[in-house]
Structures are given as structure tokens and as C-alpha cells.
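Undergrad: Protein chains in written order, with this note's numbering: chain A, 1 to 304; chain B, 1001 to 1304; chain C, 2001 to 2304; chain D, 3001 to 3304. For glycine and all other residues, C-beta sits at the position ideal for the given N, C-alpha and C. Note that the structure is predicted; figures quoted are calculated from it, not measured. Sharing a structure here in C-alpha cells format.
4 protein chains.
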Amino acid sequence: MNKKAAAPLRGIIPPMVTPLSGKNTLDIEGLHRLIEHIIGGGVHGLFLLGTTGEGPSLSVKLKYELVKEACTIIAGRVPVLVGITDTSYSESIKLAEHSADCGANAVVLAPPFYFPTGQPELLEYLEHLTPQLTLPLYLYNMPSMTKVDICVDTLCKASKIEGIIGFKDSSGNMIRFHEYLTAMKDRPDFSLLIGPEELLGESVLFGGFGGVAGGANIYPKLFVDMYNAAVAGNIAEVRKLQTEIFRLRRMYFYGHYSSTFIKGVKCALNIMGICSDFMAEPFHAFRQPEREKVAIILKEMNLI
Amino acid sequence: MNKKAAAPLRGIIPPMVTPLSGKNTLDIEGLHRLIEHIIGGGVHGLFLLGTTGEGPSLSVKLKYELVKEACTIIAGRVPVLVGITDTSYSESIKLAEHSADCGANAVVLAPPFYFPTGQPELLEYLEHLTPQLTLPLYLYNMPSMTKVDICVDTLCKASKIEGIIGFKDSSGNMIRFHEYLTAMKDRPDFSLLIGPEELLGESVLFGGFGGVAGGANIYPKLFVDMYNAAVAGNIAEVRKLQTEIFRLRRMYFYGHYSSTFIKGVKCALNIMGICSDFMAEPFHAFRQPEREKVAIILKEMNLI
Amino acid sequence: MNKKAAAPLRGIIPPMVTPLSGKNTLDIEGLHRLIEHIIGGGVHGLFLLGTTGEGPSLSVKLKYELVKEACTIIAGRVPVLVGITDTSYSESIKLAEHSADCGANAVVLAPPFYFPTGQPELLEYLEHLTPQLTLPLYLYNMPSMTKVDICVDTLCKASKIEGIIGFKDSSGNMIRFHEYLTAMKDRPDFSLLIGPEELLGESVLFGGFGGVAGGANIYPKLFVDMYNAAVAGNIAEVRKLQTEIFRLRRMYFYGHYSSTFIKGVKCALNIMGICSDFMAEPFHAFRQPEREKVAIILKEMNLI
Amino acid sequence: MNKKAAAPLRGIIPPMVTPLSGKNTLDIEGLHRLIEHIIGGGVHGLFLLGTTGEGPSLSVKLKYELVKEACTIIAGRVPVLVGITDTSYSESIKLAEHSADCGANAVVLAPPFYFPTGQPELLEYLEHLTPQLTLPLYLYNMPSMTKVDICVDTLCKASKIEGIIGFKDSSGNMIRFHEYLTAMKDRPDFSLLIGPEELLGESVLFGGFGGVAGGANIYPKLFVDMYNAAVAGNIAEVRKLQTEIFRLRRMYFYGHYSSTFIKGVKCALNIMGICSDFMAEPFHAFRQPEREKVAIILKEMNLI
């Protein structure tokens, strides 16, 4: 594959949850249904093994299996991105090779997350790692998990490394996203994507390329509509859809971002009959009271 | 092995650096020399694959190899503890099994470090994981890396889980270490160890069981002497040794704890002719200016 | 004054810098020119003694003098808001009384900032303090300085205290600003203002009431234009003005928000011949290299 | 007064709580009893208007009154230190002048605490302010409140400014306290004091000059005994007294340091019949359940 040839990704690329039927087993039927559900919403790509996909919590074996199964099911209908973030350099490269072998289109990499790296160390790490990959790479900023916040200058330098074709920012820092946009305004070939779905509308209004919205596991069309409305500059529609996104997120957002978010999304998918809500350790599925709350919101929004 | 039978560990258990000759290769000869060097200093145990051992940065293959080689070389002369901390529950258990097979004496576990867990989630995780292990477990508090700070109440509850026999606190929070000591004062069977070598003296003076001092890779006898002086309540000797510890740490402590620390220790060991100073990604060995600084201190202290 | 009668403020209410001619002296002529310059830009109000106004760094005497002088000069042409944030409850009330006596229209209050308060303590504090005031109050969220981040639920409760008529959020957390907007959507009588000028456009596009933009000291019309474009939903214009705001902020934003920001704004105003760039301790005016950089940007933007 | 002539303070210098009978009124009779109680315990000085004294929460008027009354009552029996920390440079100087006029022996200054200063800015601020004072100055490190953590290099430089004669560290970072001790080991004329009472014993064992222990408001002799035992190197006694200190602190330490601490100390003093437990805003006295808990501990320790 020619890494340079890849057009910059635009649109909605949901970070897919990983359907599990046990601590170390995939829910294969759920995976089939989930992929069809998401693709059916008109998304522009699919991101496996991200934070929402509980990537770091899965065993090596399970990660490899998930990538293989998902790529087979997706079968080229949308681009597939695979998260290869790992504290071990060699494990990241091996998973990238496996992803290429399975037919994935790109990999996504956050900084190694045990030892926090300085910005120059991070750049050096990217300079070493990127040439080892056959797939193009999206850099991923996720400071709440990695303890490293990728600064504007580092993004500019990283964007010049051959093979790095985009950036996903999940910091939630919208002031800095404007700084990224400003710094990269002459790089239409470099994809700037936003993580938090609450900021999807405005990031696209101001020139962002799209988003990696976790809520799109449940309601993919809502986020595709938001992307389209924002690209069209239809501010009335953007405001209406923003209200819907904030209705939806009551299912999975209340205070404790990461784990509540994934629990809520899996719970909704389970109620919708799509896949299991089993969580990888150290987390566990929502219990009855939260489950009832999720069901009420799903009904309100005509999602069940 | 009877997990209950283990006597609580007391003394100095250095967190061994992992000698590497390349990105994914052990420096086997260096490993032999390093183990002899450390055991020769009179230590009371050896801790593999901790933070100082760059555990999380090593590939699965390399971790397994290191445990096997080190256990063979140590050959029961001192207890061997193996760090099994991982973001994946299954990988932690597998490494623990491998460690038991190789003859290790205990495992050491910090909370999974991608997603930060709440205290109740952490306890639940420990309740699930501990019964899966054949070796006894030391819980490991390392909030700067794991984003989870184990509170006093959690320690008390965890100490009642069968199979958890000790605790290593690397938070550097000495006020809280006194709280741990106070809360566990009726548990002479439960080993309370401190990480930072700067606090070794006082932690033992106040009833701590010993320490996991990284500097003991370079100068194991210094820390064994400190432990003995503190157990004896010889405050004059403790103060003298504290001065020596602060002379030593100028090699590896200046500002940025984790990576500078490991770089400095590996650099010193390399200058001493013990092992390679190769670092796992994302870090790299000290360059010439820092190396010269380390050499000067080694000479001053008659370590070369 | 009838506190309930106040219409909710909308638009641009610049946080005025405090022109100083010495450690404890106002630059009165500069103050005259600055007020005319800002009002001339079409702003909708003026905020004295905020963070940008170095309020907490001024002596009691100087604060009182500034309020008196500024109210006299403004003479009712725009509403005047006075920051009364203080670690001492009594001092806050006294300054509020003085402000009312001078003809100010409202006061602005962030939580006391030495001891961080919990959310219930903060509410109790507001319930005690607000009835003591004759002027209506805007609550001010400035967690980087006060160590207290006002949560959505606290805002909802505070908005029901009689006399609290608005909220200024300078956290820079745009996700949470959407949460505030969502929570307060049925309160057209309650003014939700944003601090950071980088987020002014989108906050108004999504229903915010306006902003307290520090850069409006230098170039008030730019921010008034942005407010108007966003109210009109003119996204093309909003994007163009956003580019201008990001050109402007190169003067005063690079890395260290608070002090660099104020230094840069005062430096620009000094170059523009408006007022002194003297800073209250512990800060000091930009030196020659930074001053030259500011001058270049002012020229580029035709501001000198 | 000759600022150089002051001998470095050693021993226990309690940070006195400020007895209040209302929001802006001193409890004068309580103040008399409290001072006699503390001095009766054999302390080596008294520190007014610190964090424990709720200094920043008091009005200017009340601070001045407290300093005057306390100096009159103490009447030279022990050295008096007055906290002059303020966000306004001029207010700090004025309070220092007033303190000198009232007969205080030294002032204590933490960095201005609204805007966090960088280390060079802090040094410049100290170089400007110190010559304005007639009394010698103790620098005060309180990062949890001031957002500024005074680094070792800054302490070394500050200790060379004429008029700065000591340092009180309330960071609770014992590793760094050892670094301060190491850096200042050739300065027997410069007083290094520790804030947290949990670390008093070890800090003195390793060469510290004493402590500013808040619990000494309640039980001054306990801390004086600890100081003496540590100076004598009597480790058995130190351990016994440490146990007592940890029994005592159950009254006022559980989770939320600053406010719970002051509430608990005032509550105990009130139960002991010494002074009112009225708190300055934004805090309030312990309610009945906590009060009963405090009473039980006071009884257990024979303090009532």
C-alpha cells in the first residue's frame, strides 16, 4: 500500500466498542450485528481497539482476533483504522503488521502510556516507529489516559513525518483544537479529527475534518447528520442536532468519563439487542438501576 | 506453594533494571553480572519487571525470557518477585503463571494503568484476580504512573484478601505512609515496603518493613546498611547513610523522576562494567555530558 | 436599584486592564483614553477588577479609586460590572457597597481563592453573601486561579438565588459550557457569558449570551463584530473573524496564560499610545524583544 | 531591629487559630485563654495569621486587631511571627509595618496566591519586597493553596536575600524536604521548619529546626515533647509520641485537609472551654456528629 496515496479521512469514524461474551472471548454474533448497525448509519470509517473499544484491556490474542473478524465482516465497505497504542514498541509494530495483513487501512497511535514522555521524546519515538509500519498512521491525543498532551508544535513536526496522515484529538480542549486548526490550515492533506462528540459540530464548522464519536455506536446517523449539517454551515440544523446529542449522552455521561461512557454505550447496545454488555476487567456492566435509566432515554429517542 | 505460608518480606528488595542489548533483546551477560552484583550486596530479595525494570515497555516475549533467565541465575538465593502489572487482566494472570513455573516467589501488581479505576473497582478487580494466582501477591501503589492512588481504606480491605501479603508504596507521600503504618499496626504478617529510597530510613525507623530502592542496583550495600541501621534505631548512622544516599542520587535524580532515574542507573551500571545502558523505547541512554557527570559521582563515591 | 429588574446582559463586556503609573498609583489619563477606546468599539458593558484587571493584585485603596474614577468616566454609557472576589467575605461586601455608591450596575464574584471550597460550601457562601448586596451578581468560574470548578448542578442552584443574574465561565472547558447551556436553556433571564475569546464565536452560535474577551481592550470592534456575526448565524463571517482573533492573540498568548496575557494586552495598549504598561507585583511589563513582537502584529493588523 | 541579629528559630511554633465571635469580630477572651494555653505548653514561638489562623479569610481590620491584641497578650514571652501573605504587594508591606509596630519579631510570607508566579518571578518579587520590611522574613511554601511550589534552587537563592532568615515547608513532600536539608546543610543560621505535624519527628531527626504544628493549638506539650525527643535522637520516644500525634489528628484529619483541619482544631478548643469555634466564611463550625467524635477523642487522650 502506498502510504502517501491515502486521501485524508473526513466524516464520522466511530470508535467501535468490542462486544465480549466473556473475560477473554469475543461476542462474534454481536460483532456482526454491531458492524452492520454502524455501517448502516452511513459512517465514513470504523476505528477498532480505541479507548471506547477497551483496546488496552484486551489480551494480545483477543486484539488479533477482533481485528481479523472485523476486517472480514467490514470487507472494505468503509476504511478500517486499528488502534495499536501500547506501552511496548514491539507490540505496537506487531499489531500494525497484523492489521495490514487483515486488510485494515490505517493505524491509530497514542503515546505509550505507562511512562509519560516529553514532547521531544515523543517525536523521536514517532520517528523510529513510523517507518516500521506499512499502513499510514493517525496520531491520537488522549491526555487523560496517557498523561501526555500533544502540543501544537509537536503536531506540526509530527505531521511532517512520512506516513503520519492525520490526528485525532480527544483532549476536550477546544481552545487548543482551534490552535491545531490554525497551525494546520495549509495542510488539506492532513486529517484533523475530534474525539468528544459534544464538540463535533463546532469543530467541523471551523474547518475540522470530522469526528470519532463514541455515541455513534448507538445512533450513527445522528452524528453523520451533524457532520453534514456542519459541513453545509446549516447552523439551525447544527443546533437542533446538538440538542439531540445532549439527549443521547445522558445515557453514558455523568461525571466519570471513560468507564461510565463505555458502560453506557454497551448497555444501550445490549438493550437494543445488538450485542453483549460484558466489560473487560477492571470494569463491569451497568446494573439494573442504570440500565433502566438507559432504557428510558432509548425509548424517548425512539431508539427502541 | 502455600500462599499463606510465606513469611512477610523484610529488608531491601531492589527493583532490578532490565539489561538490554537491543530493542527486543536481553543483555544476558549483563544480566548475570548485575544479579551477582546486587546479591553480593546482601539484599533480601529481587524485584523483576517493575517500573525501574521498564516492565511495561518490554514485549511479552522479552518479559517471559527475562523472568526465566533471572530465576535460573538467582537459583533461590533470594526471593524473586515479578511485576505482573498490565492493562489486560488475562496477560497479568498468564505472566503470573509463567513466573510460578520459573520458580519466582511472589508477584507484584499495580492497578491497570490505562483506564484509572475507582477504589471499589480496584478492590473488585483484586478480588477477581488474586484467586487466579498460585503465587502470593504484593500490591503496588504507583500513582504517578497508574493515575490511581490507593487509599488507606482500600489497603486495609485488600490486606484481607487471601493471597495478598504485602504492599509497596511508591507514591512518595510520607504522611500517608504513616497512615498506612498506623492502620496496619496489628498486622505483623503483612509487609509494608516503601519505594522512594529517600524515605527508606525514616520508614523503617517508624516500623516499615524495608524498601524497594532503585539505587540498590548500583550500590546495594548502602541500602542494606541503611535498613540495618534503621532497624537498630542507630540514628547517627542513619543520618550518615542518608547523606550517602543523597550523594548517590545526584546521578539519576534531577527533576524528571521516572525516565531520568532509570537512565542514570543504567548509565552508572554501564560505566561500572556491569551491563548495557540500552533503554527500551520511548527512552534512550544518557548522552556524553550526563555520562560524564555520572562518572564523576561514581569516582567520588569510590564505586569505580 | 431593583436587582430583579436588570435585563440579562448580552454582548461583549471587556475585562478592562487597570492602567497603573506605579506600584500603588493609577494612570488616570491612560484610564480616560482606555475607556473611550473600548466604548468606541461598540461594546455592551465594561468589567472592572477582573483577572485581566489584576484585581487581586491591587491594594484596597487602589481598587476603590479605580471603581470611582471609571464609573465617573463611563457615566452610564454602558453597564459597569465590578469584580468583588476576595478571600475575605467582609471585604467583598464592602467593595460591593462602594461600587453601588459609585453607580456600578452589577458585581462579579468568583469563589474565595485561598481555601478551595466544596460545591455545597460554595452555595452556602453565596446564600449568605448575596442578600448583603444591593447590586445584582454575576457568578464567575475561574478554576485555574480559584482551584474551584463550578459544576453544572451548582450553577443551577445558584441561578435560583435571588440577586444572581448571570454567570461567566472562564474555565475554557467547552464541553461543560454546552452542559451549562443545556441545563439553563429555559432561563432566558439568566446571562451565560464565556471568558476565553477563542470560544466566543461558537458559544454564541450555540446560544450563549456573549463574552468577556480580554483582547477587546486592544481591538473591541473585532469582538463586537464576532458577537454580531454569531448572533446572525453568519458562519462564513464567524470563521473569518475567528482567524483575526487568532492573529491578534499571538501578541499575548504563548504558553503561560494569565500573566503573559495581561502583559501582552498592556504592552499593545502602550504601543498604541493608550495607557501605561506598568504591571502590579508580582508581574512586570514585557521587555524589548516581546515588545517588538507585539508591535509587528499590531502593524500587520493595522492597529497602529 | 537588626534583621541579621535574629537567631534562627528552633522548636515548635504553633500556627494559632484565630478565635472569632462573629463574622468580623474577635473572641477576645478566647484569645487570652488560647495564648496562655499554648504558651503554657512550652512552645518556642507563635505564628499568627497563617493558614490555620484563617489569615486570608479575615478582613484587613480584623487582621490588624488580632496582631495588636495578640502581641499585647504575649508580651514578649515567646517570639511572634505574623503571616503577611497577600495577593496585593502593598497590603503585605502595610501589615508587616503594623506587625513591627505591635512588637512582632518576624513575618511569614507565602507567594501571592491568585496568579501563580514562576520561580524567577517569585525571586524578583522577594527581592523587591524584602528590603521594604523592618522585620526579618520566613518564606512559606504552601503549594496546595498558592499553586506555587518553591523549588530547591529558589530556596537557595532566596536564603541569600538579606532579611530572609528561614523557611517553612507545608508541602507535605518529605522527599523534597530532604533535598532542602541537603542543600542548606551549611547554613546553621537559616531556620528550616516543617508544616505537617505527621512529619515533625523525622524532619527533626534528620536535621530540621522544628515545626509549625497545627495540633499544638490543642495539645502543645505533645509537640514540644516530640521536638525534644527527636533532637535527643530518642527513637523509642519519637515512635511513642508519633502514635499519640496520630491519635490526636483523628479529630481533624479526614480526607479534606485545610478546612476540616481548622474546623476540628477549633471544635476541640471549644469543647475544652478555651475559645469559640466560629469560622470565617466560607467555612462553618463542625456540627453535632463531628463534635461528638472530637469529644470522644479528647476524652480518650485525657484532654478534657
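Mapping the DSSP letters down to three states, classify residue 3223(D) as helix, strand or coil.
TA: For this step, residue 3223(D) is matched to residue 223 along the fourth sequence. Looking at residue 3223(D) - three-state DSSP - the assignment turns out to be helix.
Undergrad: Would residue 147(A) and residue 177(A) be called neighbours here (beta carbons separated by less than 8 Å)?
TA: Along the first sequence, read from residue 1 onward, the residue named residue 147(A) stands at position 147. Along the first sequence, read from residue 1 onward, the residue named residue 177(A) stands at position 177. Not in contact: residue 147(A) and residue 177(A) (Cβ atoms no closer than 8 Å).
Undergrad: Look up residue 117(A) in the DSSP assignment and say whether it is helix, strand or coil.
TA: Counted from its first residue, the first sequence places residue 117(A) at position 117. The answer is coil: DSSP assigns residue 117(A) none of H, G, I, E or B.
Undergrad: Evaluate contact between the region 2019-2037 of chain C and the region 2069-2076 of chain C, counting only Cβ atoms and requiring at least three cross-stretch pairs below 8 Å.
TA: With a cut-off of 8 Å, the region 2069-2076 of chain C and the region 2019-2037 of chain C count as touching, because enough Cβ pairs lie within range.
Undergrad: Name the chain B residues whose beta carbon is nearer than 7 Å to that of residue 3155(D)?
TA: As a position in the fourth sequence, residue 3155(D) is number 155, starting the count at 1. Going along chain B, no residue has its Cβ under 7 Å from residue 3155(D), so there is no contact; the nearest lies around 15 Å.
Undergrad: Beta-carbon within less than 8 Å of residue 131(A)'s beta-carbon, same chain only, minus the 5 sequence neighbours each way: which residues are those?
TA: The sequence position of residue 131(A) within the first sequence is 131, counting from 1. Excluding positions up to five away in sequence, the list reads 162, 163.
Undergrad: Between residue 1001(B) and residue 3149(D), what straight-line distance do the alpha-carbon atoms span, to the nearest angstrom?
TA: For the purposes of this step, residue 1001(B) is taken as the residue at position 1 of the second sequence. For the purposes of this step, residue 3149(D) is taken as the residue at position 149 of the fourth sequence. Low confidence applies to residue 1001(B): its pLDDT is 45, below 50, so where it sits in the model is not reliable enough to give any reading.
Undergrad: Kindly confirm or deny that the region 263-278 of chain A and the region 189-197 of chain A touch, where touching means at least three C-beta pairs closer than 8 Å.
TA: Taking 8 Å as the limit for Cβ pairs, the verdict is that the region 189-197 of chain A does not touch the region 263-278 of chain A.
Undergrad: Short of 7 Å Cβ to Cβ, which residues in the region 1027-1060 of chain B face chain A?
TA: Correct list: 1056, 1057, 1058, 1059, 1060.
Undergrad: Just to confirm, is the Cβ distance from residue 3135(D) to residue 3100(D) under 8 Å?
TA: The residue labelled residue 3135(D) in the question sits at position 135 within the fourth sequence. The residue labelled residue 3100(D) in the question sits at position 100 within the fourth sequence. Yes, these two residues count as a Cβ contact at 8 Å.
Undergrad: Taking the beta carbon of residue 3121(D) as the centre, do at least 16 other beta carbons fall within 10 Å, making it buried, or is it exposed?
TA: Position 121 of the fourth sequence, counted from the start, is the residue given in the question as residue 3121(D). That one is buried.
Undergrad: Can you check which of these residues, 3247(D), 3283(D), 3297(D), 3245(D), is closest to residue 3268(D) by C-alpha distance?
TA: What you label residue 3268(D) is simply residue 268 of the fourth sequence in a count that begins at 1. It is 3297(D) whose Cα lies nearest to the Cα of residue 3268(D).
Undergrad: Is it buried or exposed, residue 5(A), if we count other Cβ atoms within 10 angstroms and call 16 or more buried?
TA: For this step, residue 5(A) is matched to residue 5 along the first sequence. Any reading at residue 5(A) must be qualified, since the residue scores a pLDDT of 48, below 50, and its modelled position is unreliable; the value itself is stated next. Classification of residue 5(A): exposed, given that the 10 Å Cβ count is below 16.
Undergrad: Which residues in the same chain as residue 2093(C) place their Cβ atom closer than 6 Å to its Cβ, once the five residues preceding and following it in sequence are excluded?
TA: Taking the first residue of the third sequence as position 1, residue 2093(C) is located at position 93. So the list reads 2132, once near-sequence residues are dropped.
Undergrad: Does residue 1133(B) come within less than 8 Å of chain A when only Cβ atoms are used?
TA: Counting from one through the second sequence, the residue named residue 1133(B) turns up at place 133. No, because no Cβ of chain A sits closer than 8 Å to the Cβ of residue 1133(B).
Undergrad: What number of angstroms, rounded off, separates the C-alpha of residue 2202(C) from the C-alpha of residue 1251(B)?
TA: Taking the first residue of the third sequence as position 1, residue 2202(C) is located at position 202. Taking the first residue of the second sequence as position 1, residue 1251(B) is located at position 251. If you take the alpha carbons of residue 2202(C) and residue 1251(B), they lie about 51 Å apart.
Undergrad: Ends of the alpha helix (DSSP H) at residue 2007(C)?
TA: Within the third sequence, the letter at position 7 stands for residue 2007(C). That residue, residue 2007(C), is in no alpha helix (DSSP H); it is neither H nor E in DSSP.
Undergrad: Could you tell me the alpha carbon to alpha carbon distance between residue 1286(B) and residue 1264(B), rounded to whole angstroms?
TA: Here residue 1286(B) refers to the residue found at position 286 when the second sequence is read from its first residue. Here residue 1264(B) refers to the residue found at position 264 when the second sequence is read from its first residue. Taking the straight line from one Cα to the other gives about 7 Å.
Undergrad: Give the DSSP-derived three-state secondary structure of residue 3039(D) in the structure shown.
TA: Your numbering for residue 3039(D) matches position 39 in the fourth sequence. Reduced to three states, the DSSP call for residue 3039(D) is helix.
Undergrad: Please confirm if residue 1199(B) has its CB atom under 8 Å from at least one CB of chain D.
TA: Locating residue 1199(B) in the second sequence gives position 199, counting from the first residue. Taking Cβ atoms only, chain D reaches closer than 8 Å to residue 1199(B), which makes this a yes.
Undergrad: Between residue 2174(C) and chain A, is the shortest Cβ-Cβ distance under 8 Å, so that the two count as touching?
TA: Stepping through the third sequence from its first residue, residue 2174(C) is reached at position 174. Closer than 8 Å to some Cβ of chain A, the Cβ of residue 2174(C) qualifies, so yes.
Undergrad: Give the residues of chain A in contact with residue 1178(B), contact being defined as C-beta atoms less than 7 Å apart.
TA: Numbered from 1 along the second sequence, position 178 holds the residue referred to as residue 1178(B). None at all; the shortest Cβ gap to chain A is about 27 Å.
Undergrad: Keeping to the same chain, check which residues put their C-beta closer than 6 Å to that of residue 3055(D); ignore five residues upstream and five downstream.
TA: For the purposes of this step, residue 3055(D) is taken as the residue at position 55 of the fourth sequence. So the list reads 3049, 3083, once near-sequence residues are dropped.
Undergrad: Within 10 Å of its beta-carbon, does residue 3173(D) have 16 or more other beta-carbons around it, so buried, or fewer, so exposed?
TA: As a working mapping, residue 3173(D) is identified with position 173 in the fourth sequence. Residue 3173(D) should be labelled buried.
Undergrad: Can you tell which of 292(A), 270(A), 288(A), 301(A) has the C-alpha that lies nearest to the C-alpha of residue 21(A)?
TA: Here the question's residue 21(A) lines up with position 21 in the first sequence. With distances taken between Cα atoms, residue 21(A) lies closest to 270(A).
Undergrad: Counting only runs that start and end within the region 1050-1138 of chain B, where is the alpha helix (DSSP H) found for 4 or more residues in a row?
TA: The region 1050-1138 of chain B contains these whole alpha helix (DSSP H) runs: 1060-1074, 1089-1102, 1119-1129.
Undergrad: Taking residue 1156(B) as the reference, which of 1175(B), 1281(B), 1180(B) has the closest Cα?
TA: The sequence position of residue 1156(B) within the second sequence is 156, counting from 1. When only C-alpha atoms are compared, the closest one is 1180(B).
Undergrad: Closest to residue 3042(D) by CA distance: which of 3013(D), 3018(D), 3230(D), 3235(D) is it?
TA: By 1-based counting over the fourth sequence, the position of residue 3042(D) is 42. For the residues 3013(D), 3018(D), 3230(D), 3235(D), the minimum Cα distance to residue 3042(D) belongs to 3013(D).
Undergrad: By a C-beta neighbour count over all protein chains shown, 10 Å radius and 16 as the cutoff for buried, is residue 242(A) buried or exposed?
TA: Here residue 242(A) refers to the residue found at position 242 when the first sequence is read from its first residue. Buried, since its Cβ has 16 or more Cβ neighbours within 10 Å.
Undergrad: Whose Cβ in chain B lies nearer than 9 Å to the Cβ of residue 3205(D)?
TA: Here the question's residue 3205(D) lines up with position 205 in the fourth sequence. 1201, 1202, 1205, 1235, 1238, 1239, listed in chain order.
Undergrad: How long is the line joining the alpha carbons of residue 1200(B) and residue 45(A), rounded to whole angstroms?
TA: Locating residue 1200(B) in the second sequence gives position 200, counting from the first residue. Locating residue 45(A) in the first sequence gives position 45, counting from the first residue. Straight-line Cα distance between these residues: approximately 53 Å.
Undergrad: Give the straight-line distance between the Cα atoms of residue 1015(B) and residue 91(A), rounded to the nearest whole angstrom.
TA: Mapped onto the second sequence, residue 1015(B) falls at position 15. Mapped onto the first sequence, residue 91(A) falls at position 91. Near 23 Å, if we compare the C-alpha coordinates of residue 91(A) and residue 1015(B).
Undergrad: Are the CB atoms of residue 2279(C) and residue 2293(C) within a distance shorter than 8 Å?
TA: Working through the third sequence from its first residue, we reach residue 2293(C) at position 293. Working through the third sequence from its first residue, we reach residue 2279(C) at position 279. No, they are not a contact pair.
Undergrad: What residue range does the alpha helix (DSSP H) around residue 2047(C) cover?
TA: If you number the third sequence from 1, residue 2047(C) lands on position 47. Counting along the chain, residue 2047(C) falls outside any alpha helix (DSSP H), though it belongs to the beta strand (DSSP E) covering 2046-2048.
Undergrad: Is there a Cβ from chain C that is less than 8 Å from the Cβ of residue 3023(D)?
TA: Within the fourth sequence, the letter at position 23 stands for residue 3023(D). By this cut-off, residue 3023(D) is an interface position.
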